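Trainee:
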Amino acid sequence: MIASLAGLLVLLFLSGFFSSSETAFTSLTVMQIQGLKKRFSRRGKTVENLHLHPDKLLTTILIGNNLVNIAISVISSELTIRLFGSTALGVTTGVLTMLILIFGEVLPKQFAIRNNELICVYTADVIKLLSVMFMPVIWFINGFSRILSRFGSMEKRSHFTLDNILHMVKHAETIGILENYKSRMVKSVFRFSDVTVHSIMTHRKNVFSLEQGLSIREALPRIAERGFSRVPVYEGHEENIVGVVLEKDLIRLSAKGEIDGTLADVLIEPVFIPETWRIHRVFRRLKEEILNLAVVLDEYGGLAGIVTMEDLVEEIIGELYDEDEEPDGAKILKSSKEGWYRIQGDTPIHVLEDVIGTEIPHDRNSETVSGYVLEQLAGLPVNGQKIETRIGTFVIQSMSSKQVQYMRYLPRIQESEEEEPV
């Protein structure tokens with residue numbers, strides 16, 4: 001009798017052993033495995049090898065767990081009949097079920113969730129040995145499982161997808177592990193290959209360029225006034241870009257007294273790219289050409305705009321500013337105690353997202369808040385026009401050449417409580 005009770009306790013412990021091992025290995029992340037390999041060289045590699053073959057691992061654990069639970073049932077039934085007769089089997093089954101549930105499943109798995117690395121390290125060798133002992137059975141079960149899986153999906157799914165990674169990043173930000181700007185950077189890195197150059201380029205209307213016949217003497221003050229280090233150069237009309245001049249080249253020539261030549265004499269051949277290119281491709285092209293500026297062409301071969309290496313880097317780390325530049329955040333001012341904001345039309349959408357703390361659903365072609373507002377309209381806006389959107393209310397304050405200069409904005413969360421200012 002004592003031997004049977006001792007055997008039941010050992011088997012109950014083994015049931016908890018297998019349950020905790022299952023939870024520990026299935027909850028282990030790739031980063032945790034790399035850490036274990038550094039701290040526990042041999043056992044860490046064993047953990048990695050087991051984790052790389054999940055079918056074999058889980059089958060081994062399930063076989064062991066089921067054998068243990070069957071043994072518990074057999075021994076407990078025999079002990080019950082010997083002591084109390086067959087009439088007590090029902091009570092024994094209920095008690096046994098509760099014991100296995102609590103001490104063989106719930107408690108071990110809860111412990112494993114909090115200590116998965118520790119459990120994996122100290123159970124890996126045992127699991128590996130059992131997988132060798134159960135090899136014929138494992139081979140049969142997994143083979144049969146593969147046959148059945150042919151009737152289901154044939155697609156082999158990766159354990160890690162981009163959506164999973166982005167979800168983890170968002171969760172880390174939510175619980176405070178990752179700061180907002182770091183989260184934005186991580187997301188930007190993964191989405192770097194999804195963004196087209198059209199969405200980040202400087203539009204042709206805003207491109208500062210000079211005519212190739214202009215003398216260096218005349219060009220230098222204009223470039224200095226605008227503060228650019230690279231300037232597109234055109235021939236005939238502004239959309240016919242034929243090259244790029246570097247401010248440093250003009251300064252060097254000026255220092256030598258050679259300022260009567262024209263920009264055509266110091267042109268660098270530009271890099272032309274279509275506006276449909278993804279920005280990771282543009283990044284590689286500019287690195288190959290050792291240039292920091294590319295001319296973007298539309299589908300008809302006309303000028304669409306320009307893009308610089310700085311624009312590409314800003315897609316990951318956020319806006320970069322020179323000493324004399326105004327940060328985009330300064331373009332949004334809280335103009336009243338009632339919660340209304342005064343916004344410049346050319347404010348980037350992501351800046352407003354940071355202010356209101358929510359993502360703004362918008363077309364990829366819209367880069368600015370005015371572009372987002374125009375998406376909501378069937379025609380051109382007019383001064384004083386009120387536009388209701390999913391994120392709140394916009395009121396047009398100032399227009400210039402059919403472009404929105406300034407607007408007021410009230411986030412939707414406050415709309416039911418506040419009235420529009422005069």
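Residue numbers for the sequence shown, in full-length UniProt numbering: 1 to 422. Glycine is no exception: its CB is placed at the ideal position from the N, C-alpha and C atoms. The model shown is predicted, which means the values in this text are computed figures rather than measured ones.
1) In whole angstroms, give me the CA-to-CA distance for Glu419 and Arg390.
2) Take the Cβ of Tyr372 as the centre, count every other Cβ of all protein chains shown within 10 Å, and call the residue buried at 16 or more, exposed below.
3) Return the first residue and the last residue of the beta strand (DSSP E) that Phe140 is part of.
4) Could you give the DSSP three-state label for Arg281: helix, strand or coil?
5) Roughly how many angstroms separate the alpha carbons of Phe228 and Ser215, rounded to a whole number?
6) Buried or exposed for Ile306, going by 16 or more other Cβ atoms inside 10 Å?
7) Spatial neighbours of Gly85 within its chain, please: CB distance less than 7 Å, with the 5 preceding and 5 following residues excluded, ordered by chain position.
8) Alpha carbon to alpha carbon, how far is Arg285 from Asp311? Give it in angstroms, no decimals.
9) Tell me whether the beta-carbon of Ile349 lies closer than 9 Å to the beta-carbon of Leu333.
10) Do Leu58 and Thr23 have their C-beta atoms closer together than 9 Å?
11) Around the Cβ of Phe283, are there at least 16 other Cβ atoms within 10 angstroms (buried) or fewer (exposed)?
12) Is the beta carbon of Thr368 sitting closer than 9 Å to the one on Asp346?
13) I need the DSSP call for Arg191, collapsed to helix, strand or coil.
14) What distance in whole Å lies between the Cβ atoms of Leu263 and Gln212, which are believed to be in contact at a cut-off of 8 Å?
15) How far does the alpha helix (DSSP H) with Ile2 in it extend, from its first residue to its last?
16) Would Lys205 be called buried (16 or more neighbouring beta carbons within 10 Å of its own) or exposed?
17) Suppose only complete runs of 3+ residues qualify. What are the beta strand (DSSP E) ranges in the UniProt domain "CBS" (201 to 261), listed by chain order?
18) Can you look up Ala294 in the DSSP assignment and give me helix, strand or coil?
19) If you reduce the DSSP assignment to three classes, tell me which class Val382 lands in.
20) Report all residues from its chain with a CB closer than 7 Å to the CB of Val195; omit the five preceding and five following residues, and keep chain order.
21) Give me the DSSP bridge partner(s) of Phe272.
22) If we count the other Cβ atoms within 10 Å of its Cβ and call it buried at 16 or more, is Ser15 buried or exposed?
23) Let me confirm a value: Arg114 is counted as buried when at least 16 other C-beta atoms fall within 10 Å, else exposed. Which label applies?
24) Does Cys361 come out as helix, strand or coil in the three-state DSSP assignment?
Mentor: Walking through what the data contain:
1) Interpretation of Glu419 is limited by its pLDDT of 47, a score under 50 that renders its predicted location unreliable; no figure is taken from the coordinates.
2) buried
3) Run containing Phe140: none in the beta strand (DSSP E); it sits in the alpha helix (DSSP H), 135 to 149.
4) helix
5) 17 Å
6) buried
7) none
8) 14 Å
9) Contact: no.
10) no
11) Buried, since its Cβ has 16 or more Cβ neighbours within 10 Å.
12) yes
13) coil
14) The distance from the Cβ of Gln212 to that of Leu263 is about 5 Å, consistent with a contact at the 8 Å cut-off.
15) 2 to 27
16) Here Lys205 is exposed: its Cβ has fewer than 16 other Cβ atoms, across all protein chains shown, within 10 Å.
17) 230 to 234, 241 to 246
18) strand
19) DSSP, reduced to helix, strand and coil, places Val382 outside both helices and strands of the structure shown, so it counts as coil.
20) Arg278, Ile279, Glu315
21) Answer is Val295.
22) buried
23) exposed
24) Going by the sequence as given, residue 361 is Pro instead of Cys. Looking at Pro361 - three-state DSSP - the assignment turns out to be coil, as it is neither helix nor strand.
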